[in-house]
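See below for the structure under consideration.
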Amino acid sequence: MLIEVVKSKIHRVRVTDANIDYIGSITIDEDLMDAANLMENEKVQVVNINNGERMETYVIRGERKSGTVCLNGAAARKAVVGDLLIIISYAIMDQEEARRFKPAIIFPDPNNRLVQP
0 MLIEVVKSKI HRVRVTDANI DYIGSITIDE DLMDAANLME NEKVQVVNIN
50 NGERMETYVI RGERKSGTVC LNGAAARKAV VGDLLIIISY AIMDQEEARR
100 FKPAIIFPDP NNRLVQP
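For what it's worth, numbering that gives the first Met the number 0 labels the leading residue of the sequence shown as 0, then goes sequentially.
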């Protein structure tokens with residue numbers, strides 16, 4: 000049997016921009032993408048902590064070390080600059096693999112920078 004489990008999670012990242020005129024997606028700082036094991040064009044679920052909105056979109060690579068988290072296109076209507084988001088991706092795997100799998104979960108600082116352990 001295959002199940003869907005959390006693969007990646009960026010917890011409490013701040014929206015830095017919203018661009019209604021862009022085709023669509025979410026732009027994320029490449030440092031955050033790497034740390035959370037997210038790939039460009041990967042499907043993600045975006046949860047807005049401030050207003051409860053939930054949506055699915057895909058990732059666009061943002062400038063490294065910029066702290067950028069920009070909702071584009073229709074997604075720009077789901078948040079305002081300053082809102083806190085949780086960005087989640089999932090993977091499908093068999094139960095045995097899922098038992099061993101460890102998701103990449105990161106907790107950026109208030110400026111969307113990686114917190115070093």
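Even for Gly, the Cβ is constructed at its ideal location relative to N, Cα and C.
It should be emphasised that the depicted structure is a prediction, and the values quoted were computed from it without experimental measurement.
Quiz item: Taking Cβ positions, are GLN44 and GLU55 nearer each other than 8 Å?
Solution: Contact flag set, yes.
Quiz item: Can you list, in chain order, the residues of its chain whose CB lies under 8 Å from that of LYS101, leaving out five sequence neighbours each side?
Solution: none
Practice problem: Might you give, ordered along the chain, the residues of its own chain that have their beta carbon closer than 7 Å to the beta carbon of LEU120, omitting 5 neighbours on each side? | Solution: Residue 120 lies beyond the range of the chain shown here (0 to 116); nothing can be said about it.
Quiz item: To the nearest angstrom, how far is it from the Cα of ILE104 to the Cα of ILE9?
Solution: For ILE104 and ILE9, the distance between alpha carbons rounds to 6 Å.
Self-check item: MET32: first and last residue of the uninterrupted alpha helix (DSSP H) it sits in
Solution: For MET32, the enclosing alpha helix (DSSP H) begins and ends at 29–34.
Quiz prompt | Length of the line joining the Cα atoms of ASP82 and GLU3 | solution = 28 Å
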